[in-house]
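Trainee:
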Amino acid sequence: MSNNPSPCQAQACNLQDCLGKNTYHPEKCDKVLRQLYECCQEMYKAHPRSESSACPIPSVVDRWMKDHSK
């Protein structure tokens, strides 16, 4: 077992921290959520068979990115 963190783990932790600080205003974490999904999208593009405990499955990432385009 390696000590390397899962891909996008830092972004997932940032999101968890943000949501903890903004319990009643989760919309304040939209930027942090986008950073996580962008990381996951890049990971899946680079390595389509990748897995990370920090990322939803690729179809969920693709749908979220489509629904939340800039």
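Residue numbers (the working numbering): 27 to 96.
We put the CB at the ideal spot given by N, CA and C, even for glycine.
Only a predicted model underlies this, so the values are computations on that prediction, with no experimental measurement involved.
(1) Under 8 Å by Cβ, that's how I've got Cys-66 and Cys-34 pegged, so tell me the actual separation to the nearest angstrom.
(2) Grab the span of the alpha helix (DSSP H) containing Ser-85 for me, first residue to last.
(3) Tyr-50 by DSSP, collapsed to three states: which one?
(4) Rounded C-beta distance between Ser-18 and Ser-32? I'm assuming under 8 Å.
(5) May I ask you to report which of helix, strand or coil DSSP gives Glu-64?
Mentor: Reading it off the structure:
(1) Counting from 1 along the sequence shown, the entry for residue 66 is found at position 40. Counting from 1 along the sequence shown, the entry for residue 34 is found at position 8. Between Cys-34 and Cys-66 the Cβ distance is about 5 Å, and since that is below 8 Å, they are a contact.
(2) Numbered from its first residue, the sequence shown carries residue 85 at position 59. Per DSSP, Ser-85 is one residue of the alpha helix (DSSP H) stretching across 84-93.
(3) Position 24 of the sequence shown, counted from the start, is the residue given in the question as residue 50. Taken through DSSP and simplified to helix, strand or coil, Tyr-50 comes out as coil.
(4) Because residue 18 is not part of the residues shown, which for the chain are 27 to 96, the question remains open.
(5) Here residue 64 refers to the residue found at position 38 when the sequence shown is read from its first residue. Of the three classes helix, strand and coil, the one that applies to Glu-64 here is helix, per DSSP.
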